[in-house]
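Taking it in order: structure first as structure tokens, then the write-up.
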Amino acid sequence: MLMRFANVDGVPTRYMEAGPADAPVLLLVHGLTLTCDIWMEIADRLGADYRVLAPDMLGHGFTRPSVPAEEVDVGAKAAHLARFVEVVANVPTMDVCGASYGALVACNMYLRRPASVRRLVLHGSGSCFNDEAQLRKAVDRAHATYAGLLSASAPAGWRHHLAGSVFDGDTIPPALPHVLALTYAQPWIHAYWHATIAAMSDPVKFRPYRVLERLEDIRAQTLLVWGLDDPGAPVAAARAALTRMQKAHLATLERCGHFPMFEHPAQTAELMHAFLSNPPRDSDARIDSPL
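Here you go:
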């Protein structure tokens, strides 16, 4: 696993890379107010068979946009990720895995250019599957939580925040709270966070990027990876989505909250590898037993 920077149309974009340069590209998209470092426990495992590219999303981490915060909406984030893959890998198609808000962005990448995305993997995402009222409540909670973290960015505060979203706090990678504290202490990043929260709070602005109302349009083979103890994205929403997504399959993890990629990295990597290397047939069982 390596850390790199790429110049994407004038935007210095920090990213994590693992795996052979000539392997199929697997793009990993982190969630809101996080960084590519959430994938640190799984990148090398996936890199055994794929060229793993995990960037800091536009306006997150160390990827500082060149445009005002109000212009960095979901569409801009999706477009930046697509250009990032073009610049770094120059391939016409890729597999895309998104977590939480990153799953929403991943789905928007597919909906913008279906032919460019071979398969989707979505980790616990209320942003994708909550209705507008549920999403608004979640955004209000996020605003209350993150406002304090950003005003006094300390590793202990970030660890406490992450602990509220996992089943077992001991699964949090020790380095992750320190990276988040450093990243979100950058003064420039606050305006982009506030703009993202404001957009998600405005139903009219956010409606063009919502996924719940367009699930039937997602025709790519899709794997939903869900923690049964996810406090922010109940598995019931994922099960309901299956009834509307013709090629979606659900795998659940016991004793797992919102972050399968580091709460259960080995099992999550195995699930993803099995799905990406041999996508299930439409006739296969669509709900897997918990691991």
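The opening position of the sequence shown corresponds to residue 20 in the working numbering, with each subsequent residue numbered one higher. For each residue, glycine too, the CB sits at the ideal point set by N, CA and C.
message: Using the Cβ count rule (16 or more neighbours within 10 Å means buried), how would you classify THR202?
response: buried
- prompt: Taking LEU139 as the reference, which of MET22, ARG102 and LEU234 has the closest Cα?
  reply: LEU234
- prompt: Quick one: complete alpha helix (DSSP H) runs, 4+ long, within the segment 194-263?
  reply: 195-202, 208-220, 222-225 and 254-261
message: Using the Cβ count rule (16 or more neighbours within 10 Å means buried), how would you classify GLY188?
response: By the 10 Å Cβ count, GLY188 comes out exposed.
Contact set for HIS209: own chain, Cβ-Cβ below 7 Å, skip 5 residues either direction: Excluding sequence positions up to five before and after HIS209, its CB lies within less than 7 Å of the CB of LEU169, all in the same chain and listed in chain order.
Limits of the beta strand (DSSP E) - the one that GLY80 falls within: That residue, GLY80, is in no beta strand (DSSP E); it is neither H nor E in DSSP.
message: Please state whether the Cβ-Cβ distance between GLY117 and SER144 is less than 9 Å.
response: yes
- prompt: How many angstroms separate the CA atom of ALA161 from the CA atom of TYR129?
  reply: 26 Å
message: Can you give me the C-alpha to C-alpha distance between ARG33 and PHE24, rounded to a whole angstrom?
response: Those two C-alpha atoms are separated by around 4 Å.
- prompt: Distance, Cα to Cα, ASP41 vs LEU21?
  reply: 16 Å
query: In the segment 137-191, which residue ranges form an unbroken alpha helix (DSSP H) of at least 4 residues, counting only runs that do not cross its ends?
result: 145-148, 151-170 and 174-182
- request: With distances taken Cα to Cα, identify the nearest neighbour of GLU89 among TRP212, PRO206 and ARG131.
  value: TRP212
query: Distance, Cα to Cα, ASN109 vs ASN26?
result: Their backbone Cα atoms lie some 14 Å apart in a straight line.
CB contact flag (ILE61, THR241, <9 Å): For ILE61 and THR241, no; Cβs fall outside 9 Å.
- request: For ASP236, I'd like the list of residues in its chain whose CB is within less than 8 Å of its CB, leaving aside the five on either flank, ordered along the chain.
  value: In chain order, LEU130 place their CB closer than 8 Å to the CB of ASP236, counting only its own chain and leaving out the 5 sequence neighbours on each side.
field: Alpha carbon of LEU195 to alpha carbon of GLY251, nearest angstrom
entry: 20 Å
- request: Label GLY167 either buried or exposed according to how many other C-beta atoms from any shown protein chain fall within 10 Å of its C-beta, with 16 as the threshold for buried.
  value: exposed
message: Threshold first: 3 residues or longer. Then list the beta strand (DSSP E) segments lying entirely within the segment 38-101, N to C.
response: Within the segment 38-101, the complete beta strand (DSSP E) segments at least 3 residues long are 44-48 and 70-74, listed from N- to C-terminus.
- prompt: Leaving out the 5 sequence neighbours to the left and right, which residues in its chain are closer than 6 Å to SER85 when beta-carbon positions are compared?
  reply: The beta carbon of SER85 lies closer than 6 Å to those of GLY29 and VAL30 in the same chain, with the five residues before and after it left out.
field: Distance between beta carbons of VAL115 and LEU65, contact taken as under 8 Å
entry: About 13 Å separates the two Cβ atoms, so there is no contact after all.
- prompt: With 16 as the cutoff for other CB atoms within 10 Å, does GLU36 come out buried or exposed?
  reply: buried
query: Which of the three DSSP states, helix, strand or coil, is assigned to MET280?
result: helix
task: Over the uninterrupted alpha helix (DSSP H) stretch that includes ASN127, give me the two end residues.
output: 120-131
task: Classify MET20 as helix, strand or coil using the three-state DSSP reduction.
output: coil
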